[in-house]
């Protein structure tokens with residue numbers, strides 16, 4: 002009985018000490034670059050490569066960017082293809098990540114947020130071109146394709 006009597010106050014004391022240690026502890030972010038480091042050209046280059054590579058290496062982001070880009074598919078694709086091979090070297094550079102922070106993770110989180118808001122790399126995502134499945138033109142196109150292919154086969 003004496004053991005259970007002291008058990009509750011002991012648990013209460015441990016609870017209070019844990020609350021105090023959380024309140025007193027100095028929590029720091031995992032990677033916190035200084036303001037001067039974030040504005041350096043090296044960090045800006047890392048941020049640009051991380052943002053473009055995130056879009057280049059994800060099929061959903063890439064398709065949305067290519068569809069929404071005003072410069073055309075080939076020019077937009079070449080920009081993405083040039084930057085994506087550079088990302089792995091930058092991600093594994095410990096000195097760069099210590100100086101700038103983990104900008105590749107920031108780019109991933111930002112791309113996901115932007116996609117849910119309907120933008121990719123600052124461009125509004127446009128609707129995909131083409132005939133909608135519920136359009137009146139779809140059966141007409143299907144019949145025309147059938148007659149063209151079937152008629153050619155029957156004539157042979």
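Numbering (our numbering), first residue to last: 2 to 157.
Ideal Cβ positions, reconstructed from N, Cα and C, are used throughout, including at glycine.
Tell me which same chain residues have a C-beta within less than 8 angstroms of the C-beta of residue i, skipping the five on either side of it?
i           : result
residue 154 : none
residue 59  : 112
residue 52  : 108, 111, 112 and 122
residue 119 : 125 and 126
residue 129 : 68
residue 84  : 49, 50, 53, 54 and 57
residue 26  : Reliability of the predicted coordinates at residue 26 is poor, the pLDDT of 41 falling under 50, and no value is obtained from them.
Taking just the CA atoms, how far does residue j sit from residue i?
i           : j           : result
residue 106 : residue 133 : 36 angstroms
residue 46  : residue 55  : 14 angstroms
residue 98  : residue 141 : 57 angstroms
residue 67  : residue 43  : 27 angstroms
residue 121 : residue 135 : 28 angstroms
residue 114 : residue 48  : 16 angstroms
residue 94  : residue 40  : 18 angstroms
residue 152 : residue 146 : 10 angstroms
residue 64  : residue 144 : 30 angstroms
residue 91  : residue 78  : 21 angstroms
residue 76  : residue 117 : 25 angstroms
residue 62  : residue 69  : 11 angstroms
residue 86  : residue 74  : 19 angstroms
Does residue i pass the burial test, meaning 16 or more other C-beta atoms within 10 Å, or should it be called exposed?
i           : result
residue 57  : buried
residue 137 : exposed
residue 50  : buried
residue 72  : exposed
residue 148 : exposed
residue 157 : exposed
Between which two residues does the alpha helix (DSSP H) harbouring residue i extend?
i           : result
residue 88  : 88–92
residue 129 : That residue, residue 129, is in no alpha helix (DSSP H); it is neither H nor E in DSSP.
residue 105 : 104–117
residue 73  : Neither: residue 73 is in no alpha helix (DSSP H) and is coded neither H nor E.
residue 136 : Run containing residue 136: none; DSSP gives neither H nor E here.
residue 97  : 95–101
residue 41  : Careful: residue 41 lies outside any alpha helix (DSSP H) and carries neither H nor E.
residue 69  : 60–69
So, at 6 angstroms on beta carbons, what are the nonlocal neighbours of residue i in its own chain, with the 5 sequence-adjacent residues on each side left out?
i           : result
residue 150 : none
Starting from the C-beta of residue i, find all residues in its chain whose C-beta is less than 7 angstroms away, skip the five residues before and the five after it, and write them out in chain order.
i          : result
residue 88 : 50, 51, 54 and 105
residue 80 : 53
At a cut-off of 7 angstroms, is residue i close to the ligand ATP when judged by its beta-carbon and the heavy atoms of the ligand?
i          : result
residue 59 : As presented, the structure is devoid of all ligands, the ligand ATP included, so that no description of it is given.
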